[in-house]
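Let me begin by presenting the structure, written as structure tokens, before commenting on it.
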Amino acid sequence: MQSRFHLILLLILTLAAVVAVAEPSSSAPALKVTILDTSGAVITGAEIAISGPDGTRVAHGVSDSGGNFIFAGLPAGSYTVEVSKPGFRETKQQLKAGATGHAPVRIVMPVAAVAENITVVGSDSSAQISTDIAQNQSGNVVDSNALDRLPVFDQDYITTMSRFLDPDSSGTNGTTLVVNGVEANGPGVTASAIQSVKINQNPYTALYSRPGRARIEITTKGGTPQLHGSGNFLYRDSLFDAANAFAVIKPSEQRTYFEGSLTGPLSHSKKTTFLLALDKDNDNQQGIVDAAGPQGAINANIPNPTHHYFISGRAFHDYGQGNQFWIGYSYEHRTVANQGVGGTTLPEAGTNTLFFEHEVNVGHVYLISPKMVNQLHFLVGHFDNRIHSLNENPQLLVSGAFTGGGAQADFRRTEYHFDGTDIVTYTSGKQEIKFGIDIPDISRRGYDDFTNRAGTYSFASLADYTAAQPFTYIVQSGQGHITFLERTVAGIFEDNIRLKSNFSIALGVRYYWQNYFHDIAHNGAP
């Protein structure tokens, strides 16, 4: 029994000695790697790979939040440590691992260099500022990317760009708006569907009826084979407004505005595309009446909402090489209630306004030959603008006190119009010739002026009003209705010749005919 006990004890001691001798070779010392940048800051998320002398990867890891990674059980030998991280230059470092332990390894990664090539061309290169008349340096072109960055309230680019035009060139007719080469009353699309806006562009060209310093040229977006969309939204509430000093009760007002566009394919071949645009604006304001009547002070908050919406749809079809046909329809509608009410004007003396417009646009680009292209664009439209008094009583105007009775502002303007251009462009060598027909306006216009039909009584004071003693009475009589046909047609010829890389000549003539000034019905201008 005792001999058996000694035998078991001897076996246990022998196994313990074997384990003690084998442990150092199977549990090699750990290696700690720390990744830093050139400033000494740690780099997290760096990929670390260790390869043996034959290039075989033996370990792999990622640096932690402290820039460290520990490789356990790495046998003695020579190794290559490779470290990579986006934004830093890939770094390699050689090291030798011993059998008794490894000193911590610090690897510094330089920032990756960014190479940029800049080509400077000589003065004889054609890649200089263009000397073409159409590229005059006083012109300004704002593309869609710049329009998106402009801090324009209500996305009203036309009003904003009009401020940069020359008022002396605008004259009594105001600013001319040209959309896709055709004079128009409006852009025909919402703000997000505008491709570019140009002002002061080629001021002396014969293609348009007005000089460039009084003209805004708009190019609208076309359809795209991929689905794209954009939108703008505005919300305002009087909850955040300060108190109104003239209102006994703070007026409750609210504004919501949405504008957007969507474009994409209409067919599997993606040769037929569409463009949809929407603009909706509800501006629920209030007019503050602060007047004095025979019975005392008059103070009231009167709703004065303006509601406006605009919808537009266009379809584009590409056929052949460079040929395209497109057609579009747009509708605009705007109403204003209790217009003019506020201050000393009582609610009874307000007006309601209604405006709506339909418009159909058609465009066609046809490549006749490699040197000749024909561009046709025309629009047909109708709009109706009405102002209606809230009551038909005579107007009572009491100086410094109140304006009551009826507004006596009944008015209506209607128009059916056609505008269009058909331009052929021929290019050969250094010469470009444009010729064609421009129809700025063929329209039937109607005016119904029924203002002041019941008359306006003016009083110097409340005492005179109480005594029924006006100092003036004005009334308008007559037919008040007129219609006429306006016709304007022009013929165009323009020749641009580039004699040298830095010298070009533009020659053009425009023949102009119109029917409303008979003494100058026929005009030709260089």
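When we follow my numbering, the leftmost residue of the sequence shown carries the number 337, and every step to the right adds one.
Beta carbons are placed, not taken as given, at the ideal position from N, Cα and C, and that holds for glycine.
- Short of 8 Å from the beta carbon of Val677, and not among the five residues preceding or following it, lie these beta carbons of its own chain, in chain order: Gly623, Val625, Ile638, Asn640, Pro683, Ala685, Gly686.
- Taking the Cα of Thr541 as reference, the smallest distance to any Cα among Thr380, Val845, Phe853 is reached at Val845.
- With a beta-carbon spacing of about 7 Å, Phe407 and Gly397 fall inside the 8 Å limit used to define contacts.
- Annotation: the continuous beta strand (DSSP E) that includes Leu611 extends over 608-629.
- Across the structure, Thr792 and Gly740 are spaced so that their CA atoms are roughly 10 Å apart.
- Within the same chain, Cβ atoms closer than 7 Å to the Cβ of Asp654 are found at Lys607, Gln660, the five residues on either side in sequence being excluded.
- In the structure shown, Pro539 falls within a coil segment according to DSSP collapsed to helix, strand and coil.
- The Cβ neighbour count for Val525, taken over all protein chains shown within 10 Å, is at least 16; the residue is labelled buried.
- Beta-bridge partners of Glu768 (DSSP): Thr763, Asn832.
- Linking Leu372 to Val378 through their CA atoms gives a straight-line distance of about 4 Å.
- In this chain, the alpha helix (DSSP H) harbouring Thr802 covers 798-802.
- Listed as beta-bridge partners of Thr526 by DSSP are no residues whatsoever.
- Spanning the alpha carbons of Tyr415 and Val441 requires a straight line of approximately 12 Å.
- Beta bridge pairing from DSSP links Pro601 with Thr609.
- For the set Pro446, Ser603, Thr681, Ser532, the Cα lying nearest the Cα of Gly423 is the one of Pro446.
- Nearest to Lys421 by alpha-carbon distance, out of Ser705, Pro862, Glu383, Pro539, is Glu383.
- Of the candidates Ala395, Ser399, Ala613, Ala527, the residue whose Cα lies closest to the Cα of Thr380 is Ser399.
- The beta carbons of Asp755 and Gly772 sit no closer together than 8 Å.
- Sequence-distant partners of Gln562 (beyond 5 residues in either direction) whose C-beta falls short of 8 Å from its own C-beta, in its chain, are Gly600, Pro601.
- With respect to Gly656, Thr609 sits apart: the two C-beta atoms are not nearer than 8 Å.
- The C-alpha of Tyr783 lies about 12 Å from the C-alpha of Tyr752.
- Residue range 564-573 is occupied by the beta strand (DSSP E) that includes Tyr571.
- Around the beta-carbon of Leu715, 16 or more other beta-carbon atoms lie within 10 Å, marking it buried.
- Here DSSP, grouped into helix, strand and coil, assigns Pro706 to coil.
- Per the coordinates, the alpha-carbon of Tyr667 lies some 5 Å from the alpha-carbon of Ile647.
- No residue range can be given for Phe576, since it is assigned to no beta strand (DSSP E) and is classified by DSSP as neither H nor E.
- Per DSSP, the continuous beta strand (DSSP E) segment holding Asn640 begins and ends at 632-655.
- Counting along the chain, the unbroken beta strand (DSSP E) around Leu732 starts and ends at 731-734.
- DSSP, reduced to helix, strand and coil, places Glu684 within a helical segment of the structure shown.
- DSSP, read as helix, strand or coil, puts Ala412 in coil.
- Where Ser588 is concerned, there is no enclosing beta strand (DSSP E), because DSSP gives it neither an H nor an E.
- Taken through DSSP and simplified to helix, strand or coil, Ala583 comes out as coil.
- When DSSP states are grouped into helix, strand and coil, Ala842 belongs to the strand group.
- Annotation: Gln675 to Gly629 spans about 21 Å, alpha carbon to alpha carbon.
- Between Leu598 and Gly565, the beta carbon gap of about 4 Å places them in contact (Cβ cut-off 8 Å).
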